[in-house]
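Residue numbers (our numbering): 1118 to 1217.
Comments concern the structure below.
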């Protein structure tokens, strides 16, 4: 039984007519084309994408040239009287781990 099934599968893949039922569906994949990406400093580069249409320009508001996440900029906590200040006011005198 297993040999007959294996033989049938091998015969199926060896015959070109059998591939018709395995063809990729038409119009299911998005258009992959070239666009221009404009960085915040004005420089541009070409890339391929599914975004927009052929020849469109994507203008970035935040990019690796300027954003602190990529540039390693200082992360400052700007909290004037917010939650951090309230926490420190309530619990600032506690020293965790110290035994008296």
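Backbone N, C-alpha and C fix where the C-beta goes; we use that ideal spot for every residue, glycine too.
Everything numeric in this text was worked out from a predicted model, so none of it was measured.
According to the DSSP assignment, residue 1188 belongs to the alpha helix (DSSP H) that extends over 1185–1188. Within the DSSP bridge table, the entry for residue 1156 names no partner.
Residue 1150 and residue 1162 have their C-alpha atoms some 14 Å from each other. Residue 1203 is bridged by DSSP to nothing; it lacks a bridge partner.
Comparing C-alpha distances from residue 1159 to each of 1145, 1180 and 1203 shows the shortest one belongs to 1180.
When beta bridges are read from the DSSP output, residue 1162 appears opposite 1154. Comparing C-alpha distances from residue 1152 to each of 1200, 1172, 1204 and 1143 shows the shortest one belongs to 1172.
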